[in-house]
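Using this note's numbering, you'd call the opening residue of the sequence shown number 58 and step up by one each time. C-beta atoms are modelled at their ideal positions from N, C-alpha and C, and glycine is treated no differently. Values in this document were obtained by computation on a predicted structure and should not be read as measured data. Below: one structure, written as structure tokens.
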Amino acid sequence: MWVKRELSYALIQKRFQDKIVPVIYRKCNYEQLHWTLASFQMVDLTGGYTIGCRSLLKTWRR
């Protein structure tokens with residue numbers, strides 16, 4: 058419930074535009090949280106923490 062509320066709030070705030078990066082910690086049906094999540098670039102940690110962190114840093118261009 059809280060994730061849905063936080064995401065809905067962030068989506069309408071201009072200051073969070075292009076700053077939302079969903080992180081998948083374990084397999085889930087993220088589309089149940091919000092239909093827009095499928096359109097975001099996601100960082101998947103289910104394949105391993107190191108690989109996921111590299112993906113996150115690449116997303117942040119670091």
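The stretch 69-77 and the stretch 99-106 do not touch, with fewer than three beta-carbon pairs separated by less than 8 Å. When the Cα atoms are used, LYS61 and LEU113 turn out to be separated by approximately 22 Å. Cβ contact annotation for ARG119 (same chain, cutoff 7 Å, sequence separation greater than five): none. In the DSSP assignment, ASP75 forms no beta bridge with any residue. Under DSSP, ILE69 takes part in no beta bridge, so it has no partner.
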